[in-house]
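Only one structure is covered here, and it is reproduced in the block below.
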Amino acid sequence: MLEESSFEPKIITFCCNWCSYAGADLAGGMRLKYSSNIRPIRVMCSGRISPHFIIKAFQEGADGVLVTGCHIGDCHYMKGNYITAKRVAILKELLNFIGISPDRLRLEWIAASEGDKFARVADEFTKKIKALGPSSIKNISFNK
Amino acid sequence: MKVLKNEVETLLKEGTISAFLGMKQIKGHANPFLFTHLDDLEHLTIAEARYPLAKIILKIAHKYADHHLGIMVRGCDEKALIELYRNKQLDRSKLVPMGVACSGELAEKCNCSKPYPSQFIVGEAREISFDRTTLEKIESLPLDERFGYWINKLGKCIKCYGCRNICPVCFCEVCTLEDAPLIPLGKIPPEVPAFHLSRAFHMAGRCIDCGLCEEGCPVDIPLRTLYRKVREIVEELFDYLPGEDKEVVSPIQILGDGSFEIPEGDH
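Taken in order, these protein sequences are the chains called A and B. Following this note's numbering, the numbering of the first sequence begins with 1 at its first residue and continues without gaps. Following this note's numbering, the numbering of the second sequence begins with 145 at its first residue and continues without gaps.
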C-alpha cells in the first residue's frame with residue numbers, strides 16, 4: 001500500500017471553453033499555485049461531457065474526475081449545464097452502488113472570473129482524492 | 145384465452161387490424177408469431193412465456209407504417225410501449241393493444257409489482273409487492289465489498305449483447321456499446337465496469353424493470369438489480385418513473401426547462 005504522501009493521484013478535469021477554462025487561465029494569469037495533479041481537458045460545453053467520458057476516465061485509471069462548467073444560467077449555449085448537473089447526479093449514485101466512492105466525482109461551476117475558485121477547488125479535490133487513495137479499478141486483473 | 149382469440153378474430157375479420165402479434169404454440173413451445181390468417185388463430189396461446197413483443201412490433205411497424213397492428217400486452221409490454229410512444233418510435237394510433245393479466249405464478253417469478261396492463265380481457269389483476277431483498281443486500285455491503293461483488297459478477301460477461309438485444313426500450317440504430325473508441329473491439333470480458341456502467345446509464349429514465357435482460361443473460365449477471373437501482377435513482381432525483389402513462393418528458397431527454405433542476409451546492 002502506498003503511503004498517503006507518496007501517492008500522486010491522476011485527476012481528469014473537464015473544463016468548458018467559455019467559463020471554467022478561462023477560469024483556469026485566470027488562475028495561471030494570477031500566478032496562483034495549485035495542485036499539479038489535475039489534467040485539464042477542454043470541451044466546448046460541460047453539456048458535451050457525456051457520462052461515457054467520465055466512465056472511460058475512471059476505466060483508464062483516473063483516481064478522480066472533476067467536471068467544471070459555467071454557473072447555472074450563464075451557459076454559453078443556454079441550457080448545456082442543466083443536463084450536466086442531472087447526469088453527474090445520476091452517475092454519482094450509480095458509482096456509489098457499484099462500489100466506487102461518489103466523492104471521486106465532483107461537479108463545480110467556475111466562472112471565467114473565478115481563478116481563485118479554480119485553484120481552491122483543484123487543491124481541495126486533490127486533497128480529498130489523496131485521502132481516498134488509488135482507485136480500485138486499476139487493480140482489476142482481467143482488464144489488463 | 146377464448147376471449148382473446150374471439151376478439152382477435154373479430155378485429156382481423158373486420159379489417160380493423162392487418163395483423164396481430166401474439167404467441168403461437170408450435171410443437172409444444174410458445175413462440176412470438178404474427179397472425180395474419182384466421183386459420184392460425186387456433187394455435188394462439190398466452191402461455192407462461194415472455195418475449196419482448198414491444199421490440200418485435202417496432203420492426204414490423206416500421207416496415208408496415210400504414211397498417212394497424214394488434215399486439216398482446218402484459219403489464220411489462222404496456223410499459224415498454226408507453227416508453228416507445230414517448231420516444232416517438234411508435235405511433236399510438238396505429239396500435240391496438242390486447243391486455244393480458246399474468247398468472248400469479250408468473251408474476252411471482254418475475255417479481256413484478258404490476259403484472260397487468262391498464263386494460264385487459266384475460267386474467268385478473270393481482271397485487272404483488274416488489275421484493276427488494278437482493279437490492280438491499282447489495283446496498284448494505286460496505287463500499288469495497290460492493291465493488292468486489294460487482295466486479296466478480298460483471299467479469300463473467302461474454303459481451304454477447306443479449307441484454308441490449310432483448311431490451312424492449314433499446315431502440316437506437318447506432319449503439320454506444322459498439323463504439324470502438326469507447327468499447328475496445330474483441331476484448332472479452334469487456335472493460336469492467338465501463339461496459340456495464342455505460343449501459344446502466346443509458347437505462348436511466350428508460351428502464352421499465354421488466355427483467356428480460358437478466359433472464360436473457362447467459363452468465364447470470366444480476367442486471368435487473370443494477371437497472372432497478374438506476375430506476376430508483378431517477379425516481380428519487382427527478383420523481384420520474386419510466387412506463388407511467390403520463391404526459392411528461394423524460395428528465396434525461398430535455399436540456400432543462402427548470403422542472404427537474406438540481407439545487408446548487410455540494411455536488
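C-beta atoms are modelled at their ideal positions from N, C-alpha and C, and glycine is treated no differently. Note that this is a predicted model, so its numbers are computed, not measured.
Requested in this report: Using DSSP bridges, identify the partner residues of A/E108.
Outcome: To locate residue 108 of chain A, count along the first sequence from 1; it is residue 108. A/E108 is bridged by DSSP to A/T68.
Report task. Report the neighbours of B/K373 on chain A: residues whose CB is nearer than 7 Å to its CB, in chain order. Result -> Position 229 of the second sequence holds residue 373 of chain B. Taking a Cβ-Cβ threshold of 7 Å, the residues of chain A close to B/K373 are F97, in chain order.
Requested in this report: From the DSSP output, in three-state form, read off B/I170 for me.
Outcome: Here residue 170 of chain B refers to the residue found at position 26 of the second sequence. It is a strand residue.
Query raised in the report: Just how far apart, CA to CA, sit B/I295 and B/P337?
Result: The residue given as residue 295 of chain B occupies position 151 in the second sequence. The residue given as residue 337 of chain B occupies position 193 in the second sequence. Each residue's Cα considered, the two are about 7 Å apart.
Query raised in the report: So is A/F125 in contact with chain B if we call contact Cβ pairs under 9 Å?
Result: Within the first sequence, the letter at position 125 stands for residue 125 of chain A. Not a single C-beta of chain B is nearer than 9 Å to the C-beta of A/F125.
Query raised in the report: Which chain A residues are close to B/R290, counting only those with a beta carbon under 8 Å from its beta carbon?
Result: Residue 290 of chain B sits at position 146 when you count from the first residue of the second sequence. Within 8 Å Cβ-Cβ: F97, I98 and G99.
**Report entry** Where the beta strand (DSSP E) containing B/G214 begins and where it ends
**Finding:** The residue given as residue 214 of chain B occupies position 70 in the second sequence. In the DSSP assignment, B/G214 falls within the unbroken beta strand (DSSP E) covering L213 to V217.
Query raised in the report: Any Cβ of chain A within less than 9 Å of the Cβ of B/V378?
Result: In the second sequence, the residue the question calls residue 378 of chain B occupies position 234. Yes, B/V378 counts as interfacial toward chain A.
Query raised in the report: Would the region 26-37 of chain A and the region 102-116 of chain A be scored as touching if the rule is three or more Cβ pairs under 8 Å?
Result: They touch, by the three-pair rule.
Query raised in the report: Could you give the residue range of the beta strand (DSSP E) that holds A/R31?
Result: Here residue 31 of chain A refers to the residue found at position 31 when the first sequence is read from its first residue. Looking at the DSSP string, A/R31 is not in any beta strand (DSSP E), and its letter there is neither H nor E.
**Report entry** Inter-residue spacing [alpha-carbon to alpha-carbon] between B/I377 and A/I100
**Finding:** Indexing the second sequence from 1 puts residue 377 of chain B at position 233. Indexing the first sequence from 1 puts residue 100 of chain A at position 100. Near 16 Å, if we compare the C-alpha coordinates of A/I100 and B/I377.
Requested in this report: Can you tell me which of the three DSSP states B/C254 falls into?
Outcome: What you label residue 254 of chain B is simply residue 110 of the second sequence in a count that begins at 1. Helix.
Query - Straight-line Cα distance separating B/E335 from B/L329 - result: As a position in the second sequence, residue 329 of chain B is number 185, starting the count at 1. As a position in the second sequence, residue 335 of chain B is number 191, starting the count at 1. Just so you know, the alpha carbons of B/L329 and B/E335 end up roughly 10 Å apart.
Query raised in the report: Among B/G292, B/L182 and B/N255, which residue has its Cα nearest to the Cα of B/D353?
Result: Indexing the second sequence from 1 puts residue 353 of chain B at position 209. Taking only the C-alpha atoms, the option nearest B/D353 is B/N255.
Query raised in the report: What number of angstroms, rounded off, separates the C-alpha of A/K79 from the C-alpha of A/G73?
Result: Your numbering for residue 79 of chain A matches position 79 in the first sequence. Your numbering for residue 73 of chain A matches position 73 in the first sequence. One C-alpha to the other measures close to 7 Å.
Requested in this report: Kindly identify the DSSP beta-bridge partner or partners of A/I12.
Outcome: As a working mapping, residue 12 of chain A is identified with position 12 in the first sequence. Answer by DSSP bridge pairing, in chain order: A/R39 and A/V65.
**Report entry** Members of the region 312-342 of chain B near chain A, C-beta cut-off 7 Å
**Finding:** For the region 312-342 of chain B, which is checked against every Cβ of chain A, the residues closer than 7 Å are T320, L326, P333, E335, V336, P337, A338, L341 and S342.
Query raised in the report: Based on the DSSP secondary-structure assignment, which residues constitute the bridge partners of B/P241?
Result: Taking the second sequence and counting its residues from 1, one reaches residue 241 of chain B at position 97. Beta-bridge pairing links B/P241 to B/I215.
**Report entry** Collapsed DSSP secondary structure at B/L225 in the structure displayed
**Finding:** Here residue 225 of chain B refers to the residue found at position 81 of the second sequence. Three-state DSSP puts B/L225 in a helix.
**Report entry** Rounded straight-line distance, which links the Cα of B/K157 to that of B/V363
**Finding:** Reading the second sequence from its first residue, position 219 is the one you call residue 363 of chain B. Reading the second sequence from its first residue, position 13 is the one you call residue 157 of chain B. Approximately 45 Å between the Cα atoms of the pair.
Query raised in the report: Distance, Cα to Cα, B/E280 vs B/F164?
Result: As a first step, residue 280 of chain B is located in the second sequence; it is residue number 136 there, counting from the start. As a first step, residue 164 of chain B is located in the second sequence; it is residue number 20 there, counting from the start. Taking the straight line joining both Cα atoms gives about 41 Å.
Query - Neighbourhood of A/F58 by C-beta distance below 6 Å, restricted to the same chain and skipping five residues each side - result: As a first step, residue 58 of chain A is located in the first sequence; it is residue number 58 there, counting from the start. Excluding sequence neighbours, A/F58 sits near I137.
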